[in-house]
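Residue numbers for the sequence shown follow our numbering, so the first one is 343 and each next one is one higher. Backbone N, C-alpha and C fix where the C-beta goes; we use that ideal spot for every residue, glycine too.
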Amino acid sequence: MSHASAPVAASGGARVSQKPTPIAAYTTFRVGGPAASTVVATTRDQLVDAVRNTWRAHDEPLLIGGGSNSLVSDDGFDGTLIRVATSGIERVSADVPEGIVRLRVEAGESWDGLVAHAVEQGWAGIEALSGIPGSCGAAPIQNIGAYGQELESVLVAVDLLDRGTLEVTRVPAAELGLGYRTSTLKRHSGDEPERDAVVLGIEIDLRDNGGQSEPIAYAQLAFSLGVELGERLSVAQVRKTVLALRTSKGMVWDASDPDTWSAGSFFTNPVVAESFARTLPERAPRWPVDSDDDAVTVIPLDEFTGQIQRPAPREAQVKLSAAWLIENAGVHRGFQLPGSHAAISSKHTLALTNRGGASADEIAELARYVQSRVQSEFGVILQPEPVLVGVEI
């Protein structure tokens, strides 16, 4: 791999460097080898130009916003790293229902910065999503969620740069296939996404409840607040409590605390058939998953026979606790493989951390060990949540 020795000019004012840039500097894991070249896009036009130019060169860009959901190989990335540093939060006033605050937000905005702004204004809908690291552009890809709220409940639309057409389009949230930590925009274990596109901005609807939160919908949060499920408090109080809970689990970034040098929850909570869940120990936590029983069946007119067959019953699904499975498979907080610089967080078993000087290979090795222990003990294969670049788990 050869590289130019000095930065070069970029169209539209974006900063471009053809010197090898350590990706570790842009990720909360603090791992990742060099990228062949780097573009820092601070405006939407710069971002669009950078991505289009990379695609036209038949290259695959690596886009990083907050870098909080990526595990990049120690070998680096032999392509263009595009740092999404766009900014802007705009309130939309036209055609917005009464009591609703509609915001258009650029992809590079900090997610927690957006939550802080909303809470300062007294707007509700994302207060329980406080402390989640990363950028707003990454939020719909994962359909981020925590403490009883998900982005899906407030997302109106996204602006996408489409790989096939190279055009910018506004896509309603209903067309993104949003689900538990997934969307049509997400790459699953290295597979191509259903919709190959780059998020340029998001549009969300918040509620002006006079400073009151949305109903509390998560038991642990309700307990910490000292209220019953369904009650409301001030958005400021909810945010403060969520931040305290996340900090106690090492889930709020702190440069001085290696327990936060992670990608947050490394594994998603498994969703399994209820019959399988019954084979697990009774004490294993589980929660029902909403079904699509109310979904409308559409039959083309030329195929309609005058009778509608009742759909075959589908087995109920339940969500398990990945943290409980890990802990009860014998992998405890603070666990390290011999000689490794990667470890399970001392505060939360779902976080894999860099204790200082860890390599991507060491983190991946620990992840595979956790997977094997849980599979051996419970027959469940945990799925990694971060984007894996040049790394296999």
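Please classify residue i as buried or exposed, where buried requires at least 16 neighbouring CB atoms within 10 angstroms.
i           : result
residue 363 : buried
residue 438 : exposed
residue 366 : buried
residue 727 : buried
residue 565 : exposed
residue 734 : exposed
residue 453 : buried
residue 601 : buried
residue 392 : buried
Using a threshold of 8 Å, state whether the C-beta atoms of residue i and residue j are closer than that.
i           : j           : result
residue 616 : residue 657 : yes
residue 563 : residue 466 : no
residue 382 : residue 399 : no
residue 441 : residue 477 : no
residue 371 : residue 603 : yes
residue 577 : residue 443 : no
residue 483 : residue 527 : yes
residue 498 : residue 547 : yes
residue 417 : residue 479 : no
residue 459 : residue 431 : yes
residue 697 : residue 706 : no
residue 724 : residue 712 : yes
Would you grab the beta carbon distance between residue i and residue j for me? Rounded to a whole angstrom, and I think it's under 8 Å.
i           : j           : result
residue 502 : residue 541 : 6 Å
residue 414 : residue 702 : 6 Å
residue 619 : residue 569 : Wrong, their Cβ atoms sit about 29 Å apart, outside the cutoff.
residue 425 : residue 380 : 7 Å
Identify, in the order they occur along the chain, each residue of the same chain with its Cβ nearer than 8 Å to the Cβ of residue i, setting aside the five sequence neighbours on each side.
i           : result
residue 691 : 665, 668, 669, 673, 674 and 675
residue 509 : 503
Could you tell me which residues DSSP puts in a beta bridge with residue i?
i           : result
residue 762 : This structure cannot settle anything about residue 762, because the visible part of the chain is limited to 343 through 735.
residue 475 : Answer is none; residue 475 lacks a bridge partner.
residue 431 : 447
residue 376 : 364
residue 549 : 442 and 466
residue 425 : 382 and 406
residue 629 : 661
residue 502 : 511 and 541
residue 491 : 488
residue 419 : 377
residue 609 : 726
Kindly list the residues whose CB is nearer than 7 Å to the CB of residue i, restricted to its own chain and excluding five residues on each side of it in sequence; keep chain order.
i           : result
residue 303 : Outside the shown range of the chain (343 to 735) lies residue 303, about which nothing can therefore be said.
residue 401 : 421 and 422
Should residue i be flagged as near chain D, meaning a C-beta pair shorter than 8 Å?
i           : result
residue 521 : Reference to chain D is not applicable here, since this structure consists of a single protein chain.
Which residues in the same chain as residue i place their Cβ atom closer than 6 Å to its Cβ, once the five residues preceding and following it in sequence are excluded?
i           : result
residue 519 : 525 and 526
residue 472 : 457, 581, 584 and 585
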